[in-house]
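**Q**
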Amino acid sequence: CHRFLVFCFVMRCSAAFAVAVGASGNPFAGQSFYRNPANAKEFDGSIATASGVTKETLQKMKNVASAYWIDVREKITGTNTSSVEGILTDAASKSPPELVVLIWYDLPNRDCDAKASNGQICCTKKADGTCDYDTQGDCADGIAEYKKDYVEPFVSVLEKFEGKVPVVLVMEPDSLPNLATNIGHPHCGNPATVAAYKEGISYALTQLVSRVPWVSLYLDAAHGGWLGWDNNLQGFLTLLSDMKLPLDKVRGFATNVANYQPLGEICPYEPDQGYRNAYCLNQQHQSDPCCADPCKLESQYNPGNNELNYAQDLVQAAKGLLGMDARVIIDTGRNGVGDMRNDCSNWCNIRGAGAGLASAAVQNSSVVDAFFWLKTPGESDGCTSTLPDGSTCARFDSMCSSSDSIGSTPTEPRAPEAGKWFDFQVKQLAANAKLQSVTAPSTASFVVV
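Okay, so the sequence shown: first residue is 95 according to the numbering used here, each after it adds one.
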């Protein structure tokens, strides 16, 4: 039973603190995980108005570690736990110091293929202060602002905590996958956006690996429903190679960040062309649980029917094409239910979703370092056209009115802006949660601890 998982859940490990160095070693193994008090306060508000099993589950979810998004420069310095500096100070004060997972997320022209989480740094700004994605150029001003006002202060804060607290960074979700597959989108293919993403990420990584090599780095690699096709995956990895990034200093990749793709079970690796695993393709092994395909990807010759299978293909391809001995962290914050969408391209506040496996390190795996809540369950993906207070949402993305999105029917509450607490959603995630797997046979290929 090579593909099954055994889950021995220990939410906070008691092993002695040790800083992971560069790309070597699983940085999650043997660590206690930092839980942000700011998130706990949000959960407390929802717990106070919940009841029954939902309330009990919310109380458990409150105690699960999750990543903290540094999506504006104002979150870098400060004394409270809404800032990098405050979080690291708090985590370093624990005994042992606790592992902090942060999402690095403020590129110029951020989120080029959507509107829900557009950023504060632009290549060119409109009169209202929002980013003008249509004006072409080299984004020189935006890149300079990113380097000066985001990268430099962020790295400077990290430098103060060398040897004091372990840190994992997930770099700029969606950015490079968009360049690999959405270059035909006028906002993503705009030369200004391309320059911003390539130069911005290259500069950020160079600064990080040279000045804080003890920080563990993971590049965002979208998910199986996006890059799972062999051509898409190879195009993404070729982009990384062409950018000449310091990949030997990068631990690996993060997948399913802020998404809902099912975790599933890992299949035997039987590639047919390139690095594509053919085990489930051409109607083979359809009765095998590892081939379960709620998003109907296998009929499109995409072997990334679940995130474990996608992670396996990603690791194999990264080894073959880039020479990387990569590992993957998978966002399990909201993928506890695998078949709740009418269309798996829908990503905004999905109705019927459930919280997935609680954050935990994975040991003895050649594929996965950890399952981790990289987006805190309860934080909105984006607003409905009308906000809960009745005002119009300027950052409304039509994907947040999809048939699968909470708030798309008159009987449901309106959704707040991306990152804001969505009480209705977190209670649904709790009601449908699968925080822990059923124990599988003991001949597992890897173990979660």
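Cβ atoms here follow ideal geometry from the backbone N, Cα and C, with glycine treated the same way.
So, at 7 Å on beta carbons, what are the nonlocal neighbours of residue 448 in its own chain, with the 5 sequence-adjacent residues on each side left out?
**A** 430, 431, 523, 526, 527 and 528
**Q** Is the distance from the Cβ of residue 122 to the Cβ of residue 491 below 8 Å?
**A** no
**Q** Do you know offhand how far residue 465's Cα is from residue 310's?
**A** 15 Å
**Q** Taking Cβ to Cβ, would you say residue 340 is nearer than 8 Å to residue 300?
**A** The answer is yes: Cβ separation under 8 Å.
**Q** When the Cα atoms are used, what is the spatial distance from residue 501 to residue 473?
**A** Using only the alpha carbons, I get a separation of about 15 Å.
**Q** If we ignore side chains and look at the alpha-carbon of each, how far apart do residue 295 and residue 379 end up?
**A** So the two alpha carbons sit approximately 40 Å from each other.
**Q** For residue 418, verify whether its CB is less than 7 Å away from any heavy atom of the ligand MN.
**A** Ligands are entirely absent from the displayed structure, and the ligand MN is therefore not among its contents.
**Q** Would you check if there are 3 or more beta carbon pairs closer than 8 Å linking the region 154-169 to the region 221-229?
**A** no
**Q** Just to confirm, are residue 334 and residue 416 a CB contact at a threshold of 8 Å?
**A** Yes.
**Q** Distance, Cα to Cα, residue 229 vs residue 244?
**A** 23 Å
**Q** Pull up the distance between the alpha-carbon of residue 306 and that of residue 291, whole angstroms please.
**A** 21 Å
**Q** Once DSSP output is grouped into helix, strand and coil, what is the label at residue 300?
**A** For residue 300, the secondary structure class from DSSP, reduced to helix, strand or coil, is helix.
**Q** Taking all protein chains shown into account, do 16 or more other C-beta atoms lie within 10 angstroms of the C-beta of residue 512, making it buried, or fewer, making it exposed?
**A** buried
**Q** When we look at the beta-carbon of residue 134 and count the other beta-carbons within 10 Å, is it buried (16 or more) or exposed?
**A** It is exposed - the Cβ of residue 134 has fewer than 16 other Cβ atoms within 10 Å.
**Q** Pop quiz: residue 199 and residue 267 are said to be a contact at Cβ under 8 Å. What is the actual Cβ separation, rounded to whole angstroms?
**A** 6 Å
**Q** Given that a residue counts as buried once 16 or more other Cβ atoms are within 10 Å of its Cβ, and exposed if not, what is residue 209?
**A** buried
**Q** What is the C-beta distance between residue 289 and residue 233, in whole angstroms, given that I count them as a contact (C-beta under 8 Å)?
**A** 5 Å
**Q** Drop a sphere of 10 angstroms on the beta-carbon of residue 488, count the other beta-carbons inside from all chains shown, and report buried for 16 or more, exposed for fewer.
**A** exposed
**Q** Which same chain residues end up closer than 8 Å to residue 276 when comparing Cβ atoms and leaving out the 5 residues on each side of it in sequence?
**A** 206, 207, 282 and 283
**Q** Taking the straight line between their C-alpha atoms, what separation do you get for residue 265 and residue 443?
**A** Taken atom to atom, the span from the alpha-carbon of residue 265 to that of residue 443 is near 23 Å.
**Q** Residue 326 to residue 274, Cα distance in whole Å?
**A** The alpha-carbon atoms of residue 326 and residue 274 are separated by roughly 7 Å.
**Q** Using only CA atoms, which one of 203, 270 and 454 lies nearest to residue 347?
**A** 270
**Q** Taking residue 197 as part of the beta strand (DSSP E), name the residues at either end of that continuous run.
**A** Note, residue 197: beta strand (DSSP E), 194-198.
**Q** With a floor of 3 residues, list each beta strand (DSSP E) that falls wholly inside the region 313-350, ordered by position along the chain.
**A** 346-349
**Q** Rounded to a whole number of angstroms, what is the C-alpha to C-alpha distance between residue 120 and residue 316?
**A** For residue 120 and residue 316, the gap between their C-alpha atoms comes out near 21 Å.
**Q** At the level of alpha carbons, what is the spacing between residue 308 and residue 459?
**A** Roughly 22 Å between the two C-alpha positions.
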